[in-house]
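Visitor: So the number in this note's numbering is just where the residue sits in the sequence shown, counting from 1, plus 32. Glycine included, every Cβ here is placed at the ideal spot set by N, Cα and C.
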Amino acid sequence: MTVPPRDFADRPRSPGEGVEPPREGAGTPADGTAAPAPDPAGQPHDLLSELLRSVRLSGERMAVYAPSGPFSVGFSGVGTLHLVEEGEVLLRIDGAPRAERARHGDVILLPRGDAHHISGTGEPAPATPLTPAVPVAPAARIAAPDGSDGSTPQDAAAPGPPRWLCGTFTIGDPRASHLLASLPPVIVLRGGGGPALEGLEVARRMILLEMESPSQGSAVMVARILDLLFIQILRAWAAGTGAEPNWLAGALDPQIGPALGAVHRDPGHDWSVEELARTCSLSRSAFSARFAARVGKPPATYLAHVRLDAAADLLRGTSLAVGAVGDRVGYTSEAAFSRAFKQRYGRSPALWRRDARAGAGTVP
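1. Measure the alpha-carbon distance for GLY27 versus PRO193 and round it to whole angstroms.
2. Report yes if the C-beta distance between PRO299 and VAL338 is below 9 Å; otherwise report no.
3. Hey, could you find the ends of the alpha helix (DSSP H) GLU307 is sitting in?
4. Roughly how many angstroms separate the alpha carbons of LEU346 and ARG389, rounded to a whole number?
5. Check for me: the beta strand (DSSP E) holding VAL105 runs from which residue to which?
6. How would you write the range of the alpha helix (DSSP H) that GLY328 sits in, first residue to last?
7. Please go through the stretch 228 to 308 and give each complete alpha helix (DSSP H) segment of 4 or more residues, from N-terminal end onward.
8. Could you say which of SER304, LEU197, ARG326, LEU122 lies nearest to GLU242 if we only look at CA atoms?
9. Please classify PRO161 as buried or exposed, where buried requires at least 16 other C-beta atoms within 10 Å of its C-beta.
10. Distance, Cα to Cα, ARG376 vs ALA342?
11. Considering only residues of the same chain and omitting the five flanking positions on each side of ALA382, which have a CB-CB separation below 7 Å?
12. Taking the Cβ atom as the reference point for each residue, do ILE199 and GLU307 lie within a distance shorter than 9 Å?
13. When the Cα atoms are used, what is the spatial distance from VAL252 to ARG124?
14. Quick one: Cα of LEU232 to Cα of TRP279, how far?
15. Sort out for me which residues DSSP pairs SER151 with in a bridge.
16. Looking only at its own chain, which residues have a Cβ that is under 7 Å from the Cβ of ARG256, when we skip the five neighbours before and after it?
17. With a threshold of 7 Å on Cβ separation, who are the neighbours of PRO217 within its own chain once the five nearest residues in sequence on each side are excluded?
18. Can you tell which of LEU260, ASP285, LEU261 has the C-alpha that lies nearest to the C-alpha of GLY272?
19. When you compare only the Cα positions, how much space is there between HIS149 and ILE140?
20. Considering only C-alpha positions, which residue in the set HIS301, CYS312, PRO330, ALA321 is nearest to ASP359?
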């Protein structure tokens, strides 16, 4: 394994290069907290918005599923969220050893599009394919395995049979795979989660209103609300106590978020740990420890991944030579860049570019 150099680049730093003068009044209070570093406009850098814009999230379809008998519905190859309205369901990632039980009020997000099945809590039933999801207009129910629509006159009031909303979304930029890969395959927010879920409830009601009384623009409305739900779920999950370390938790942390923002704004800069720590008004040791605790990897590793992800985007979308791409993201040696790229992607930059343009490029 190649050990990242101290300054995260393969070129030496010139004396004083990249060193920012201390900001007036900057420093770390006695309690160890620090205010977010502002961007050039004087506002804290909103890394989450920047990342979400870069991946071009797009809500697609919304449907209601209310089967009346045993069922097992399969989903595959698309980001999915489920909002359990009534009853209980079991969710199982294909090949996973255990299922996740979700009840009335729970919200489930599968951000990476992992193949999974939703089934009842009773006897198992043959899988029922769900491709594609039912369009918004009219407000249709997905057919139950027996061919009926699964509805009853008492459906809205009956708490027993399962009923849930299912939404799908796409990610327009392949770079999103890198960001989503650090998230768990299934994110579950339990009902009754307090203020963090209040926004989700508002969005849910808006979707139901559009589905029950569709009119001009309803399809676009629901798609935008799906975008909103995706963001709210991620934000509520990352802010919770049970979330594993990941880039989103770091982005939302006011003490290290400025460093993540700086790295994403300029991945090719010759960053050092000390310089990144200064953007957060933290000491080097305090910054490194907090970064690893929130993001799940050291600053050097995270920066290396961001650089190589940016390089992959340049290889896919531009005609820059391999050496020029490497230089753009912080490598002055084409050989060093090629080694690092192959270690992350399994192929040389030239081969990866060829396959990506042919439609065969994948992002691990």
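Guide: Taking the definition as stated:
1. Lying outside 33 to 396, the shown extent of the chain, residue 27 is not represented and no answer is given.
2. Here residue 299 refers to the residue found at position 267 when the sequence shown is read from its first residue. Here residue 338 refers to the residue found at position 306 when the sequence shown is read from its first residue. Going by C-beta atoms, PRO299 is nearer than 9 Å to VAL338.
3. Numbered from its first residue, the sequence shown carries residue 307 at position 275. Residues 305 to 311.
4. Taking the first residue of the sequence shown as position 1, residue 346 is located at position 314. Taking the first residue of the sequence shown as position 1, residue 389 is located at position 357. The alpha-carbon atoms of LEU346 and ARG389 are separated by roughly 12 Å.
5. Residue numbering aside, residue 105 sits at position 73 when the sequence shown is read from its first letter. Per DSSP, VAL105 belongs to the beta strand (DSSP E) from 104 to 107.
6. Taking the sequence shown and counting its residues from 1, one reaches residue 328 at position 296. Where GLY328 is concerned, there is no enclosing alpha helix (DSSP H), given that its DSSP letter is neither H nor E.
7. Counting whole runs of 4 or more residues, the stretch 228 to 308 contains the alpha helix (DSSP H) stretches 230 to 244, 250 to 271, 279 to 284, 289 to 297.
8. For this step, residue 242 is matched to residue 210 along the sequence shown. Ranking SER304, LEU197, ARG326, LEU122 by Cα distance to GLU242 puts LEU197 first.
9. The residue given as residue 161 occupies position 129 in the sequence shown. With a pLDDT of only 47 at PRO161, under the threshold of 50, the placement of this residue in the model should not be trusted; the figure read from the coordinates follows. PRO161 is exposed by the Cβ-count criterion.
10. Locating residue 376 in the sequence shown gives position 344, counting from the first residue. Locating residue 342 in the sequence shown gives position 310, counting from the first residue. Each residue's Cα considered, the two are about 13 Å apart.
11. Indexing the sequence shown from 1 puts residue 382 at position 350. Taken in chain order, the residues that qualify are VAL354.
12. For the purposes of this step, residue 199 is identified with residue 167 of the sequence shown, where counting begins at 1. For the purposes of this step, residue 307 is identified with residue 275 of the sequence shown, where counting begins at 1. One detail in the question is off: residue 199 reads as Gly in this sequence, not Ile. The answer is no: Cβ separation not under 9 Å.
13. Sequence index remark: in the sequence shown, residue 252 carries index 220 (1-based). Sequence index remark: in the sequence shown, residue 124 carries index 92 (1-based). Put simply, the backbone Cα of VAL252 is about 30 Å away from that of ARG124.
14. One-based indexing of the sequence shown puts residue 232 at position 200. One-based indexing of the sequence shown puts residue 279 at position 247. Going from the Cα of LEU232 to the Cα of TRP279 covers about 22 Å.
15. For this step, residue 151 is matched to residue 119 along the sequence shown. SER104, LEU122, per the DSSP bridge assignment.
16. Residue 256 sits at position 224 when you count from the first residue of the sequence shown. Around ARG256: GLY91.
17. On the sequence shown, residue 217 is found 185 positions in, with the first residue counted as 1. Correct list, in chain order: ILE125, LEU142, ARG144, ASP146.
18. Counting from one through the sequence shown, the residue named residue 272 turns up at place 240. For the residues LEU260, ASP285, LEU261, the minimum Cα distance to GLY272 belongs to ASP285.
19. As a first step, residue 149 is located in the sequence shown; it is residue number 117 there, counting from the start. As a first step, residue 140 is located in the sequence shown; it is residue number 108 there, counting from the start. Approximately 13 Å, taken between the alpha carbons.
20. As a position in the sequence shown, residue 359 is number 327, starting the count at 1. With distances taken between Cα atoms, ASP359 lies closest to HIS301.
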